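Throughout the sequence shown, residue numbering follows our numbering, covering 82 to 299 in sequence.
From the three backbone atoms N, C-alpha and C, an ideal C-beta is built for every residue, glycine too.
Since the model is a prediction, treat every value here as computed from it, not as a measurement.
Scroll down for the structure; my scribbles are underneath it.
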Amino acid sequence: MNKQQIILKTADFVKDKFSGESTGHDWWHMYRVWQLAKTIAKDEPTADVFVVEIAALLHDIADWKFHDGDEEAGPKAARQWLEQQKVDEAIIVNIEDIIRTVSFKGAGVKNNMKTIEGKIIHDADKIDAVGAIGIARAFAYGGANHRPIYDPEQKPTMHTDFEAYKNGVSHTINHFYEKLLLLKDRMYTKKGKAIAQQRHDFMEQYLAQFYNEWDGQR
Ligand code: ADP
Ligand code: NI
Numbered sequence: 082m083n084k085q086q087i088i089l090k091t092a093d094f095v096k097d098k099f100s101g102e103s104t105g106h107d108w109w110h111m112y113r114v115w116q117l118a119k120t121i122a123k124d125e126p127t128a129d130v131f132v133v134e135i136a137a138l139l140h141d142i143a144d145w146k147f148h149d150g151d152e153e154a155g156p157k158a159a160r161q162w163l164e165q166q167k168v169d170e171a172i173i174v175n176i177e178d179i180i181r182t183v184s185f186k187g188a189g190v191k192n193n194m195k196t197i198e199g200k201i202i203h204d205a206d207k208i209d210a211v212g213a214i215g216i217a218r219a220f221a222y223g224g225a226n227h228r229p230i231y232d233p234e235q236k237p238t239m240h241t242d243f244e245a246y247k248n249g250v251s252h253t254i255n256h257f258y259e260k261l262l263l264l265k266d267r268m269y270t271k272k273g274k275a276i277a278q279q280r281h282d283f284m285e286q287y288l289a290q291f292y293n294e295w296d297g298q299r
């Protein structure tokens, strides 16, 4: 199998596994991250585009949030799939590490992406959490987890460790302050920064309108 065939086969595998998912982690998230990652990679000539495409498709293959907090579930599932496709060991190791490090773990917890491919996947994944789509995903996640949309009496928490972030229970507007509005300053790539900034501005506008409506101002 050539690289293009492996990419398409991986896309089919992920599509089958995630279609119909409703918490914001559906096939279309993988699809958007895949497309965004390719867009960002165009400005990063040293990136291995095969690694970028495969890692984008597999980055949420077994998220800790849905595997009792097991952070190794994703890397393990990716390795199993890639070994079946006879992908080189060095590439598998890079992809495993990208999946292990890409997940957001709290306002005060840094992602430590080591390779340019990892930086691209990080930026593409986080960009899909902001802007119009990010807002839709946040409320979808909140609904699926029985969280209220907003409660003015419950203020945001800046989590300084993963455990606290994982165990936090709050309304969805707080998620904007605990994560979504922080993402533009966590971008690694120039292109990622530019896209994130534009979507960030849209979220600020959305929140201003939200608070106006909340208090029946207009
Ligand atoms: P990442 O891919 O950055 O690790 P997650 O898997 O944590 O992101 O989140 C997937 C989607 O669900 C994102 O759009 C994210 O903003 C949203 N989400 C995660 N946690 C919450 C939450 N507590 N409230 C609302 N949305 C959330
Ligand atoms: Ni993701």
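### Query
Between valine 133 and isoleucine 201, which are expected to be in contact by the criterion C-beta below 8 Å, what is the C-beta distance as a whole number of angstroms?
Right, the Cβ-Cβ distance comes to about 5 Å (below 8 Å), so this counts as a contact.
### Message
Within 8 Å, do at least three Cβ pairs link the stretch 125-144 to the stretch 239-258?
### Response
Fewer than three beta-carbon pairs drawn from the stretch 239-258 and the stretch 125-144 are found closer than 8 Å, and the two stretches are therefore not classed as touching.
### Message
Using a Cβ-Cβ cutoff of less than 6 Å, which residues in the same chain neighbour phenylalanine 220 once the five nearest sequence positions on both sides are dropped?
### Response
Excluding five sequence positions before and after phenylalanine 220, the CB atoms of its chain that fall closer than 6 Å to its own CB belong to Thr253, given in chain order.
### Reduced DSSP category for valine 130 - H, G, I as helix; E, B as strand; rest coil
Here valine 130 sits in helix by DSSP.
### Query
Can you tell which of Tyr287, Ile121, Arg280 has its C-alpha closest to the C-alpha of alanine 210?
Checking every option, the nearest Cα to that of alanine 210 belongs to Arg280.
### Query
Do the stretch 98-114 and the stretch 162-177 make contact, defined as three or more Cβ pairs closer than 8 Å?
When C-beta atoms of the stretch 98-114 are compared with those of the stretch 162-177, fewer than three pairs fall below 8 Å, so the two segments do not count as touching.
### Task
Inspect the beta-carbon positions of tryptophan 188 and methionine 239 and report whether they are closer than 7 Å.
Going by the sequence as given, residue 188 is alanine instead of tryptophan. The answer is yes: Cβ separation under 7 Å.
### Task
Note down the Cα distance separating valine 168 from arginine 218, rounded to an integer number of angstroms.
Going from the Cα of valine 168 to the Cα of arginine 218 covers about 32 Å.
### Task
Taking only heavy atoms of ligand 1 into account, decide whether any of them is closer than 6 Å to the Cβ of arginine 160.
No, the beta carbon of arginine 160 sits no closer than 6 Å to any heavy atom of ligand 1.
#### Entry: Range of the contiguous alpha helix (DSSP H) that encloses histidine 93
Histidine is not the amino acid found at residue 93; the sequence shown has aspartate there. For aspartate 93, the enclosing alpha helix (DSSP H) begins and ends at 84-99.
### Message
If you measure from each CB to the nearest heavy atom of ligand 2 and keep those under 7 Å, what residues do you get, in chain order?
### Response
The set of residues with CB atoms less than 7 Å from any heavy atom of ligand 2 reads, in chain order, His106, His110, Val114, His140, Asp141, Asp206, Asp209.
#### Entry: Element boundaries [alpha helix (DSSP H), containing tyrosine 269]
No alpha helix (DSSP H) contains tyrosine 269, which DSSP labels as neither H nor E.
### Message
Between the alpha carbons of isoleucine 101 and aspartate 107, how many angstroms are there, rounded?
### Response
Reading off the sequence shown, one finds glycine at residue 101, where the question assumed isoleucine. For glycine 101 and aspartate 107, the gap between their C-alpha atoms comes out near 7 Å.
#### Entry: Touching by the beta-carbon criterion (3+ pairs, under 8 Å), the stretch 272-279 and the stretch 116-124
With contact defined as three or more Cβ pairs closer than 8 Å, the stretch 272-279 and the stretch 116-124 are in contact.
### Query
Is the beta carbon of isoleucine 208 less than 7 Å from the beta carbon of leucine 89?
Result no, Cβ atoms of isoleucine 208 and leucine 89 do not sit closer than 7 Å.
### Query
Using CA coordinates, which residue listed in Leu261, Tyr258, Pro233 is at the minimum distance from tryptophan 295?
If we check each option's Cα against that of tryptophan 295, Pro233 comes out closest.
#### Entry: C-beta atoms of lysine 260 and glutamine 278 nearer than 7 Å
The Cβ-Cβ distance between lysine 260 and glutamine 278 does not fall below 7 Å.
### Query
What residue does the alpha helix (DSSP H) around valine 183 start on, and which one ends it?
Run containing valine 183: 170-183, per the alpha helix (DSSP H) assignment.
### Task
For histidine 203, verify whether its CB is less than 6 Å away from any heavy atom of ligand 1.
No, the beta carbon of histidine 203 sits no closer than 6 Å to any heavy atom of ligand 1.
### C-alpha gap between lysine 195 and alanine 289, whole angstroms
C-alpha separation (whole angstroms): 37 Å.
### phenylalanine 283 versus isoleucine 180: straight-line alpha-carbon distance, rounded
Near 28 Å, if we compare the C-alpha coordinates of isoleucine 180 and phenylalanine 283.
### Task
Check whether the Cβ atoms of histidine 203 and valine 190 sit closer than 7 Å, and answer yes or no.
Not closer than 7 Å, so no.
### Query
Candidates Val95, Gln165, Val130: which alpha carbon is nearest isoleucine 142's?
Of Val95, Gln165, Val130, the smallest CA-CA separation from isoleucine 142 is found for Val95.
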